[in-house]
Amino acid sequence: MSTIEQRRILSTAIPGPRSEELHRRKAATVSAGVGVGLPVYVERAGGGILVDADGNQLIDFGSGIAVTTVGNAAPHVVERVQQQVDDFTHTCFMVTPYAEYLDVCEQLNELTPGDHDKRSALFNSGAEAVENAVKIARHYTGRQAVVAFDHGYHGRTNLTMALTAKNMPYKHKFGPFAGEIYRVPASYPFRWPGGPADCAKESLDVVTTMIHAQVGEENCAAVILEPIQGEGGFIVPAPGFVKSLAEWCAEHGIVFIADEVQTGFCRTGDWFASEHEEVVPDLITTAKGIAGGLPLAGVTGRAEIMDAIHASGLGGTYGGNPVACAAALGAIETMKEEDLATRARQVEAIFLPRLRALAERYPQIGDIRGRGAMLAIELVNGGGDLTPASELTATVNRNCHAEGLVTLTCGTYGNVFRFLPPLSASDELLTEGLDIFEAAFEKAAG
Ligand SMILES: *Cc1c(COP(=O)(O)O)cnc(C)c1O
3 MSTIEQRRIL
13 STAIPGPRSE
23 ELHRRKAATV
33 SAGVGVGLPV
43 YVERAGGGIL
53 VDADGNQLID
63 FGSGIAVTTV
73 GNAAPHVVER
83 VQQQVDDFTH
93 TCFMVTPYAE
103 YLDVCEQLNE
113 LTPGDHDKRS
123 ALFNSGAEAV
133 ENAVKIARHY
143 TGRQAVVAFD
153 HGYHGRTNLT
163 MALTAKNMPY
173 KHKFGPFAGE
183 IYRVPASYPF
193 RWPGGPADCA
203 KESLDVVTTM
213 IHAQVGEENC
223 AAVILEPIQG
233 EGGFIVPAPG
243 FVKSLAEWCA
253 EHGIVFIADE
263 VQTGFCRTGD
273 WFASEHEEVV
283 PDLITTAKGI
293 AGGLPLAGVT
303 GRAEIMDAIH
313 ASGLGGTYGG
323 NPVACAAALG
333 AIETMKEEDL
343 ATRARQVEAI
353 FLPRLRALAE
363 RYPQIGDIRG
373 RGAMLAIELV
383 NGGGDLTPAS
393 ELTATVNRNC
403 HAEGLVTLTC
413 GTYGNVFRFL
423 PPLSASDELL
433 TEGLDIFEAA
443 FEKAAG
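Take a look at the structure:
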């Protein structure tokens, strides 16, 4: 457990004077293109607390965007990283390899859905994993087209910008984008014309009809889907959609890629969100929660697909860096020892009743969704009017920040308020955070 006392302490305004001074330095030194959600400068973190430069202790409901699932500076991660930096820091796996890379790949092959023969490859970021999954699917199938979804988010590199749906801030004036990317409607029960029941009945048909008419199955290398859409608004597809889509892909020789960069590694109450959907993806991309905060990403998939690539077709200087691998082994060890998948379900059980009670009182909470410790509310005008309440969402977020609760929003329309607490946060701390959130919401919604 973290040595940091697990409670909120506010000794200055948020942000405090030291953070403000650092933020002035940021303006003079860092590209304006690198935005900051809450300009408190962090000095230490652990459990569910971030300690800032002014000595404030903030409650963390963001985990650095679903990364520090095992907690910040988690003990097993720290031990293994310290040992590894003592031993060696880099050789480049493609030059002279090391066992830690194999250890991580073995874990990925074992923990991802399906008991078929698998292989993995390691990279540095989620976007890089997605790029490689697309490269692999194209090479294996000899086809070019890739289908992605409305509200999808897959990264900020050129190919992944093309896969990502939202213009601002991710794509605006950054084109031209990579070719042969096709976008189809998301299975989005809350906003499906006709409502959730129609969504369940219709979304597969809409998607496959569109692919057939506009792409042609035989041209289609891959369909890439987040089993719960992350940045796009924590959208949980209609029941059965993911499974039937994966089956349809299999019928047509299309590689089904589950982008589990945000949903993976116990976040949703299982090792991977595909498990809830009873889906065994052909390829699965991982990053974020995999290594307790160090940059690491993976592509894991069917051996015949992963092994179809010519030698040296995949790789990169830092991919599977030994320190990042050591961190991943520490993070995975923690997830197993502490059964963090179960912990994520407990987090859901703490959050949902509170969110439902708030929704009883506020019609602006149009939808409550997500799984495990990946939960969100979608804010709308209310009273049957589903117009996105983006202003309200931003105000709630600001109110939370001012009270020392680190929160995140998301959604194509910026009207989704999301909860991604570290699974190392105690029940008491989560409850304290929920109290702050509730007050922040009431203050904003009136
Ligand atoms: C964050 C994210 C990515 C991109 O990961 P980076 O490490 O930021 O490159 C890709 N896919 C999903 C689903 C994500 O949430």
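Going by the numbering used here, the sequence shown opens with residue 3, and the numbers climb by one from there. For glycine and all other residues, C-beta sits at the position ideal for the given N, C-alpha and C. Model, not experiment: these values are computed from the prediction.
Assigned secondary structure, residue i (DSSP; H/G/I helix, E/B strand, else coil)
i      : result
Asn169 : coil
Val72  : coil
Phe90  : coil
Gln231 : strand
Glu130 : helix
Gln84  : helix
Leu113 : helix
Asn58  : coil
Ala329 : helix
Arg145 : coil
Ala313 : coil
Thr288 : strand
Asp387 : strand
Asp369 : strand
Ile226 : strand
Glu45  : strand
Leu298 : coil
Ser122 : strand
Ala199 : helix
Val244 : helix
Ile352 : helix
Thr411 : strand
Met212 : helix
Gly303 : strand
Asn260 : Correcting the residue type first, residue 260 is Ala in the shown sequence and not Asn. Note: Ala260 maps to strand in three-state DSSP.
Member of the options whose CA lies at the smallest distance from the CA of residue i
i      : options                           : result
Ala15  : Arg420, Glu81, Leu407 and Ala427  : Leu407
Glu270 : Leu360, Arg371 and Gly332         : For clarity, residue 270 is Thr in the given sequence; the question names Glu instead. Taking only the C-alpha atoms, the option nearest Thr270 is Arg371.
His141 : Gln348, Asn399, Pro77 and Asp309  : Asp309
Met376 : Val263, Pro99 and Ala131          : Val263
His403 : Asp272, Ala34, Ile61 and Ser4     : Ile61
Ala275 : Ala361, Ser428 and Val238         : Val238
Arg347 : Leu422, Val148 and Lys245         : Leu422
Val42  : Glu350, Gln59 and Thr31           : Gln59
Phe179 : Asp387, Met170, Thr166 and Pro171 : Thr166
Asn221 : Phe267, Gly255, Ile367 and Asp429 : Gly255
Ala305 : Lys120, Gln109 and Glu22          : Lys120
Ala442 : Arg400, Leu432, Glu430 and Thr433 : Arg400
Val398 : Leu431, Arg358, Ala446 and Pro390 : Ala446
Ala224 : Thr31, Val209 and Val136          : Val136
Ala75  : Arg185, Ile6, Asn111 and Arg27    : Ile6
His153 : Gln109, His25, Glu81 and Gln231   : Gln231
Pro241 : Val208, Gln216, Trp273 and Asp200 : Asp200
Tyr184 : Ile334, Thr210, Leu104 and Gly39  : Thr210
Leu104 : Glu339, Gly322 and Leu431         : Gly322
Cys327 : Val208, Arg10, Gly73 and Leu110   : Leu110
Beta-carbon separation (whole angstroms), residue i vs residue j, contact threshold 8 Å
i      : j      : result
Lys168 : Thr336 : The Cβ separation is near 33 Å, so there is no contact.
Ile70  : Pro424 : Strictly speaking, residue 70 in this sequence is Thr, with Ile absent from that position. Correct: roughly 5 Å between the Cβ atoms.
Gly116 : Ala289 : That pair is no contact at about 20 Å.
Ser426 : Gly49  : 5 Å
Ala68  : Gly291 : 6 Å
Ile213 : Glu219 : 7 Å
Ala343 : Asp272 : 5 Å
Contacts around residue i, its chain only, beta-carbon distance under 6 Å, and the 5 residues preceding and following it disregarded
i      : result
Cys412 : Glu233, Gly235, Val418 and Arg420
Asp369 : Phe192 and Glu380
His329 : It is Ala, not His, that sits at residue 329 in the sequence shown. Around Ala329: Val79, Val83, Ala293, Gly294 and Leu296.
Ala248 : Phe258 and Val281
Gly303 : Asp284 and Leu285
Tyr190 : Ile237
Lys173 : Met163
Glu277 : Pro115
Pro17  : Pro41 and Val42
Cys107 : Ser122
Spatial neighbours of residue i in its chain, beta-carbon cut-off 8 Å, leaving aside the 5 residues before and after
i      : result
Ala396 : Thr411 and Gly416
Leu436 : Ile352, Phe353 and Arg356
Pro99  : Thr93
Gly197 : Pro191
Ser314 : Met96
Thr433 : Ile352
Cβ neighbours of residue i in the same chain (closer than 7 Å, five flanking residues each side left out)
i      : result
Asn134 : Ala123, Phe125, Val301 and Leu316
Ala325 : Before going on, a small fix: residue 325 reads as Val here, not Ala. Excluding positions up to five away in sequence, the list reads Val83, Gln86, Val87, Thr91 and Leu296.
Gly57  : Ser13
Pro365 : Gly384 and Gly385
Leu161 : Glu133, Val136 and Ala180
Lys245 : Glu279, Glu280 and Val281
Sequence-ordered residues whose beta carbon comes within less than 5 Å of a heavy atom of ligand 1: Ser127, Gly128, Ala129, His156, Gly157, Glu228, Gly232, Asp261, Val263, Gln264 and Ala289
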